[in-house]
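Participant:
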Amino acid sequence: WITEFDWNSKGEVSDPDNSILAQQVEDFYRLMFSLEAVEGIMMWGFIKEFGSIVDQNINPNTAGDAYLRLYHEEWRTKISTTVSNVMNKNVMVRGFRGDYELKITTGRTLKERFEFTLEDDMKITCTQSNGWSCQL
Numbered sequence: 187w188i189t190e191f192d193w194n195s196k197g198e199v200s201d202p203d204n205s206i207l208a209q210q211v212e213d214f215y216r217l218m219f220s221l222e223a224v225e226g227i228m229m230w231g232f233i234k235e236f237g238s239i240v241d242q243n244i245n246p247n248t249a250g251d252a253y254l255r256l257y258h259e260e261w262r263t264k265i266s267t268t269v270s271n272v273m274n275k276n277v278m279v280r281g282f283r284g285d286y287e288l289k290i291t292t293g294r295t296l297k298e299r300f301e302f303t304l305e306d307d308m309k310i311t312c313t314q315s316n317g318w319s320c321q322l
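Sequential numbering of the sequence shown, starting at 187, is according to our numbering.
Next comes the structure, spelled out in structure tokens:
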């Protein structure tokens with residue numbers, strides 16, 4: 187775990203629009219996220235006098251926007267796959283660790299909903315007989 191990331195805590199660097207901090211946040215989080223040994227990153231003091239990722243009203247500043255873009259847009263797995271004639275079809279998906287919801291639909295009708303947590307390589311088997319069912 188990374189438990190400390192504090193940049194410019196004493197205000198030594200002039201960064202009025204937080205653009206330098208935004209680059210530091212993005213570079214640091216990308217590096218830490220790329221290391222397999224890192225299980226997570228804990229951010230302390232996201233609002234402070236210097237090096238904050240939010241403004242006085244707790245709205246994200248430029249650095250906060252950089253963090254949110256990575257976390258909510260880039261580091262998410264959202265895949266939609268269309269498969270016709272489902273007999274003996276394999277769909278390979280690569281995703282980030284975390285909680286998932288698998289939905290099988292026909293048109294707009296939900297046929298099966300399956301929740302699981304991806305922690306490592308895994309195989310999910312979905313079968314159709316008297317309705318759909320999925321299992322690990």
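Glycine included, each C-beta is placed from N, C-alpha and C at the ideal position.
Would you call Asp201 buried or exposed, if buried means 16 or more other Cβ atoms sit within 10 Å of its Cβ?
Facilitator: When all chains shown are included, Asp201 counts as buried.
Participant: Could you tell me whether the Cβ atoms of Leu254 and Arg283 are closer together than 8 angstroms?
Facilitator: No, they are not a contact pair.
Participant: Rounded to the nearest angstrom, how far is the Cβ of Glu298 from that of Ser315, given a contact under 8 angstroms?
Facilitator: Not really, about 12 angstroms apart at Cβ, beyond 8 angstroms.
Participant: Go through its chain and collect everything with a Cβ distance to Gly250's Cβ below 7 angstroms, but skip five positions before and after it.
Facilitator: Correct list, in chain order: Ile239, Val240.
Participant: Whose C-alpha, out of Ser220, Ala223, Gly237, is nearest the C-alpha of Asn209?
Facilitator: A quick correction: the sequence has Gln, not Asn, at residue 209. When only C-alpha atoms are compared, the closest one is Gly237.
Participant: With a CB to CB cut of under 8 angstroms and the five nearest residues on each side skipped, what residues in its chain are close to Ile244?
Facilitator: Only Ile233 meet the Cβ criterion.
Participant: What residue range is occupied by the uninterrupted alpha helix (DSSP H) comprising Phe302?
Facilitator: No alpha helix (DSSP H) contains Phe302, which is instead part of the beta strand (DSSP E) from 295 to 304.
Participant: So, with DSSP's three-state summary, where would you put Val199?
Facilitator: Reduced to three states, the DSSP call for Val199 is coil.
Participant: Below 8 angstroms on the Cβ atoms is my guess for Trp261 versus Phe219; work out the distance and round it to an integer in Å.
Facilitator: With 8 angstroms as the limit, Trp261 and Phe219 qualify as a contact, their Cβ atoms being about 7 angstroms apart.
Participant: Does the Cβ of Val279 have 16 or more other Cβ atoms within 10 Å, making it buried, or fewer, making it exposed?
Facilitator: Val279 is exposed by the Cβ-count criterion.
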